[in-house]
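Trainee: With numbering that gives the first Met the number 0 as the guide, the letters of the sequence shown map in order to residues 0 to 347.
I have a structure here, written as structure tokens, and I will follow up with some questions on it.
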Amino acid sequence: MRDVSPSPDEALDSPSSTPVPGQRRRKIYRILGVFFLTLAFLLAFYGTIAGVAWRDGEAQRSDALQTELADQLQTQLSLAESDIGNGNFQLALRRLEWVLQRQPSNELALNLQAEAEESLRQRLEPSPAPTAIPPTTLPTITPVATFDPTPDYNALAELMADEAWAEALAAIVAFQTTNPSFERRQTDIWLYEAHIAYGLELLQTEAIELGLFHLDQAEELGDLPLEVQDQRGWAELYLTGLAFYGVDWSAALYYFRQLCLAAPFYQNSCDRFQTALITYADQYVAAQDFCPAVPLYREALDYGSTTLLREKLNTAVTGCAEATPTPEPAPITDTVPISGTVPTQGDD
Numbered sequence: 000m001r002d003v004s005p006s007p008d009e010a011l012d013s014p015s016s017t018p019v020p021g022q023r024r025r026k027i028y029r030i031l032g033v034f035f036l037t038l039a040f041l042l043a044f045y046g047t048i049a050g051v052a053w054r055d056g057e058a059q060r061s062d063a064l065q066t067e068l069a070d071q072l073q074t075q076l077s078l079a080e081s082d083i084g085n086g087n088f089q090l091a092l093r094r095l096e097w098v099l100q101r102q103p104s105n106e107l108a109l110n111l112q113a114e115a116e117e118s119l120r121q122r123l124e125p126s127p128a129p130t131a132i133p134p135t136t137l138p139t140i141t142p143v144a145t146f147d148p149t150p151d152y153n154a155l156a157e158l159m160a161d162e163a164w165a166e167a168l169a170a171i172v173a174f175q176t177t178n179p180s181f182e183r184r185q186t187d188i189w190l191y192e193a194h195i196a197y198g199l200e201l202l203q204t205e206a207i208e209l210g211l212f213h214l215d216q217a218e219e220l221g222d223l224p225l226e227v228q229d230q231r232g233w234a235e236l237y238l239t240g241l242a243f244y245g246v247d248w249s250a251a252l253y254y255f256r257q258l259c260l261a262a263p264f265y266q267n268s269c270d271r272f273q274t275a276l277i278t279y280a281d282q283y284v285a286a287q288d289f290c291p292a293v294p295l296y297r298e299a300l301d302y303g304s305t306t307l308l309r310e311k312l313n314t315a316v317t318g319c320a321e322a323t324p325t326p327e328p329a330p331i332t333d334t335v336p337i338s339g340t341v342p343t344q345g346d347d
């Protein structure tokens with residue numbers, strides 16, 4: 000029997016022949032489709048878990064912030080009440096203003112504010128002179144010798160020369176009450192100068208509010224010199240920063256940074272600024288949030304370096320680096336041959 004060899008066309012149609020390229024592509028597409036569906040499912044699954052975890056974290060963070068704010072408000076109210084008891088009414092009003100900005104309906108803050116404002120008003124207003132009761136019968140007027148105020152006036156001049164400002168202020172007020180028209184212009188000048196000098200003297204002590212009061216009294220008699228206005232501004236910055244000290248470190252930093260730059264010699268302002276920087280950074284580190292603490296520690300080093308401060312900075316730098324690792328570069332794929340030539344498939 001004669002063997003018949005299959006023709007070339009029959010050989011191509013044989014089931015045992017190699018799969019055509021189109022069949023291979025369809026198989027690859029199916030595999031890729033399954034892969035991407037699985038990947039999409041996994042991404043959606045883990046994305047949902049991450050979203051739930053993020054919302055839980057935000058809720059916990061919000062609760063922590065509310066608790067911290069409540070503690071700060073209570074601390075400020077307690078300090079304001081203590082300030083009122085000590086006669087520091089302006090400082091108390093600054094604290095209460097901060098509280099009412101966050102809780103406008105806080106009943107205790109409103110009551111303390113009214114009390115501080117009334118006490119401050121009574122301090123600033125002079126006591127009214129007692130009303131004289133007219134006698135029922137007019138006494139017989141006996142001529143007396145005319146009183147000469149010159150010796151008392153000379154005593155005022157000596158007090159001013161000795162720079163005894165507190166005594167001079169009391170004596171000038173008493174002299175003007177008794178002798179309202181005697182050398183009034185000069186006694187007004189002395190009163191203005193004594194208020195300024197005594198006020199500036201008090202600004203360097205703990206009685207800053209009383210010093211500001213005397214400068215306000217001087218301003219009612221005449222314009223304050225520019226350098227006096229500057230010192231009053233420093234004192235106001237100091238008191239405002241002090242109101243936030245230990246309660247809101249971010250706000251305290253804002254005011255003491257300005258004061259340290261403008262008047263580093265005033266009331267150890269730079270020391271307070273450095274302490275605020277370190278304490279604020281310590282709070283970030285305690286919360287395991289290292290990166291914001293790094294610039295705060297570095298700025299604090301500008302105002303004095305200690306071993307402890309350098310150790311704190313190193314800890315923050317290390318923690319920040321570990322929290323934000325440097326991403327590794329991804330491998331380069333889908334490159335094009337440099338020659339631009341495509342290799343040809345040789346005949347088998």
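The beta carbon of each residue, even a glycine, is placed where N, CA and C say it ideally should be.
Would you decide whether Ile83 is buried or exposed? Buried here means 16 or more other CB atoms lie within 10 Å of its CB.
Mentor: Within the sequence shown, residue 83 is the residue found at index 84, counting from 1. The residue is buried, with at least 16 neighbouring Cβ atoms inside 10 Å.
Trainee: Give the single residue among Asp288, Arg309, Ala286 whose Cα lies nearest to the Cα of Tyr296.
Mentor: By 1-based counting over the sequence shown, the position of residue 296 is 297. Comparing Cα-Cα distances from Tyr296 to each of Asp288, Arg309, Ala286, the minimum goes to Arg309.
Trainee: Suppose the cutoff is 8 Å on Cβ atoms and the five residues either side in sequence are ignored; what does the same chain contact list for His194 look like?
Mentor: Your numbering for residue 194 matches position 195 in the sequence shown. Within the same chain, His194 has close Cβ partners Leu168, His213, Leu214, Gln216, Ala217, Leu220.
Trainee: Where Gly46 and Ala39 are concerned, what is the direct C-alpha to C-alpha distance, given to the nearest angstrom?
Mentor: Translated into the one-based positions of the sequence shown, residue 46 becomes position 47. Translated into the one-based positions of the sequence shown, residue 39 becomes position 40. In a straight line, the C-alpha of Gly46 is about 10 Å away from that of Ala39.
Trainee: Determine the closest residue to Leu76 out of Leu158, Glu116, Gln112, with distance taken between C-alpha atoms.
Mentor: If you number the sequence shown from 1, residue 76 lands on position 77. Comparing Cα-Cα distances from Leu76 to each of Leu158, Glu116, Gln112, the minimum goes to Gln112.
Trainee: Keeping to the same chain, check which residues put their C-beta closer than 7 Å to that of Ala131; ignore five residues upstream and five downstream.
Mentor: Mapped onto the sequence shown, residue 131 falls at position 132. Reliability of the predicted coordinates at Ala131 is poor, the pLDDT of 49 falling under 50, and the value obtained from them is presented with this limitation in mind. So the list is empty, once near-sequence residues are dropped.
Trainee: From Leu307 to Ala292, what does the alpha carbon distance come to, in whole angstroms?
Mentor: Taking the sequence shown and counting its residues from 1, the one referred to as residue 307 is at position 308. Taking the sequence shown and counting its residues from 1, the one referred to as residue 292 is at position 293. Taking the straight line joining both Cα atoms gives about 15 Å.
Trainee: What alpha helix (DSSP H) runs, 4 residues minimum, are completely inside the region 221 to 298?
Mentor: Segments of the alpha helix (DSSP H) lying fully in the region 221 to 298: 225 to 243, 248 to 261, 268 to 285.
Trainee: Could you give the DSSP three-state label for Tyr45: helix, strand or coil?
Mentor: Here the question's residue 45 lines up with position 46 in the sequence shown. Helix at Tyr45.
Trainee: Return the chain-ordered list of same chain residues with a C-beta closer than 8 Å to the C-beta of Glu166, the five sequence neighbours on each side being excluded.
Mentor: For the purposes of this step, residue 166 is taken as the residue at position 167 of the sequence shown. Result list for Glu166: Leu158, in chain order.
Trainee: Three or more C-beta pairs closer than 8 Å, one from the region 87 to 100 and one from the region 261 to 280: is that the case here?
Mentor: Cβ pair count under 8 Å is below three, so no.
Trainee: Along the chain, where does the alpha helix (DSSP H) containing Gln175 start, and where does it finish?
Mentor: Taking the sequence shown and counting its residues from 1, one reaches residue 175 at position 176. Counting along the chain, the alpha helix (DSSP H) containing Gln175 begins and ends at 164 to 177.
Trainee: Report the residue from Asn267, Ala299, Cys269, Ser268 whose alpha carbon sits nearest the alpha carbon of Leu279.
Mentor: Residue mapping note: residue 279 aligns to position 280 of the sequence shown, counting from 1. A quick correction: the sequence has Tyr, not Leu, at residue 279. The option with the nearest alpha carbon to Tyr279 is Ala299.
Trainee: Output the distance between the C-alpha atoms of Glu208 and Gly245, rounded to the nearest integer angstrom.
Mentor: One-based indexing of the sequence shown puts residue 208 at position 209. One-based indexing of the sequence shown puts residue 245 at position 246. Rounded to the nearest angstrom, the two C-alpha atoms are 20 Å apart.
Trainee: Is Ala234 closer than 8 Å to Leu202 when the C-beta atoms are compared?
Mentor: Within the sequence shown, residue 202 is the residue found at index 203, counting from 1. Within the sequence shown, residue 234 is the residue found at index 235, counting from 1. For Leu202 and Ala234, yes; Cβs fall inside 8 Å.
Trainee: Does the beta carbon of Asp229 fall short of 7 Å from some heavy atom of the ligand ADP?
Mentor: Of ligands this structure carries none, so the ligand ADP is not represented either.
Trainee: Taking the beta carbon of Tyr28 as the centre, do at least 16 other beta carbons fall within 10 Å, making it buried, or is it exposed?
Mentor: Counted from its first residue, the sequence shown places residue 28 at position 29. Exposed, since its Cβ has fewer than 16 Cβ neighbours within 10 Å.
Trainee: Counting Cβ pairs, one atom from each stretch, are 3 or more of them under 8 Å apart for the region 102 to 109 and the region 249 to 259?
Mentor: Result no; under three Cβ-Cβ pairs closer than 8 Å.
Trainee: Whole angstroms is fine: what's the gap from Asp288's alpha carbon to Leu276's?
Mentor: Here residue 288 corresponds to residue number 289 of the sequence shown, with the count starting at 1. Here residue 276 corresponds to residue number 277 of the sequence shown, with the count starting at 1. Those two C-alpha atoms are separated by around 15 Å.
Trainee: Once the 5 residues before and after Gly318 are set aside, which same chain residues still bring their CB inside 6 Å of it?
Mentor: As a working note, residue 318 is residue 319 in the sequence shown. Within the same chain, Gly318 has close Cβ partners Phe289.
Trainee: Are there 16 or more other CB atoms within 10 angstroms of the CB of Lys26, so buried, or fewer, so exposed?
Mentor: Within the sequence shown, numbered from 1, the residue matching residue 26 stands at position 27. Result: exposed.
Trainee: Within the continuous alpha helix (DSSP H) that includes Thr306, where are the two ends?
Mentor: Residue numbering aside, residue 306 sits at position 307 when the sequence shown is read from its first letter. Run containing Thr306: 306 to 322, per the alpha helix (DSSP H) assignment.
Trainee: If you count every other CB in all the chains shown that lies within 10 Å of the CB of Ala43, and 16 or more means buried, which is it?
Mentor: As a working note, residue 43 is residue 44 in the sequence shown. With fewer than 16 other Cβ atoms within 10 Å, it is exposed.
Trainee: Which residues bound the alpha helix (DSSP H) around Asp187?
Mentor: Against the sequence shown, residue 187 aligns to sequence position 188. Here the alpha helix (DSSP H) through Asp187 covers 183 to 202.
Trainee: Starting from Phe88 and walking both ways along the alpha helix (DSSP H), at which residues does that stretch end?
Mentor: Locating residue 88 in the sequence shown gives position 89, counting from the first residue. Start and end: 88 to 101.
Trainee: What are the boundary residues of the alpha helix (DSSP H) that includes Pro150?
Mentor: Translated into positions along the sequence shown, residue 150 becomes position 151. Element bounds for Pro150: 149 to 160.
Trainee: Would Leu90 and Leu238 be called neighbours here (beta carbons separated by less than 8 Å)?
Mentor: Residue mapping note: residue 90 aligns to position 91 of the sequence shown, counting from 1. Residue mapping note: residue 238 aligns to position 239 of the sequence shown, counting from 1. Result yes, Cβ atoms of Leu90 and Leu238 sit closer than 8 Å.
Trainee: Residues in its own chain within less than 7 Å of Gly303 by CB, not counting five upstream and five downstream?
Mentor: Locating residue 303 in the sequence shown gives position 304, where the first residue counts as 1. Result list for Gly303: Gln273, in chain order.
Trainee: Quick one: what does DSSP say Phe212 is sitting in, helix, strand or coil?
Mentor: Locating residue 212 in the sequence shown gives position 213, counting from the first residue. Here Phe212 sits in helix by DSSP.
Trainee: If Ala115 and Phe88 are in contact, beta carbons under 8 Å, what's the gap, nearest whole angstrom?
Mentor: As a first step, residue 115 must be located in the sequence shown, where it is residue number 116. As a first step, residue 88 must be located in the sequence shown, where it is residue number 89. Going by Cβ atoms, the distance from Ala115 to Phe88 rounds to 5 Å, so yes, they are a contact pair.
Trainee: Do Ala160 and Ala170 have their CB atoms nearer than 8 Å?
Mentor: Taking the first residue of the sequence shown as 1, we reach residue 160 at position 161. Taking the first residue of the sequence shown as 1, we reach residue 170 at position 171. Contact flag unset, no.
Trainee: Take the Cβ of Gly230 as the centre, count every other Cβ of all protein chains shown within 10 Å, and call the residue buried at 16 or more, exposed below.
Mentor: By one-based count along the sequence shown, residue 230 stands at place 231. The amino acid occupying residue 230 in the given sequence is Gln; Gly does not appear at that position. Result: buried.
Trainee: Short of 7 Å in beta carbon distance, which residues of its chain neighbour Asp151, apart from the five on each side in sequence? Order them along the chain.
Mentor: The count along the sequence shown starts at 1 and reaches residue 151 at position 152. Only Phe174 meet the Cβ criterion.
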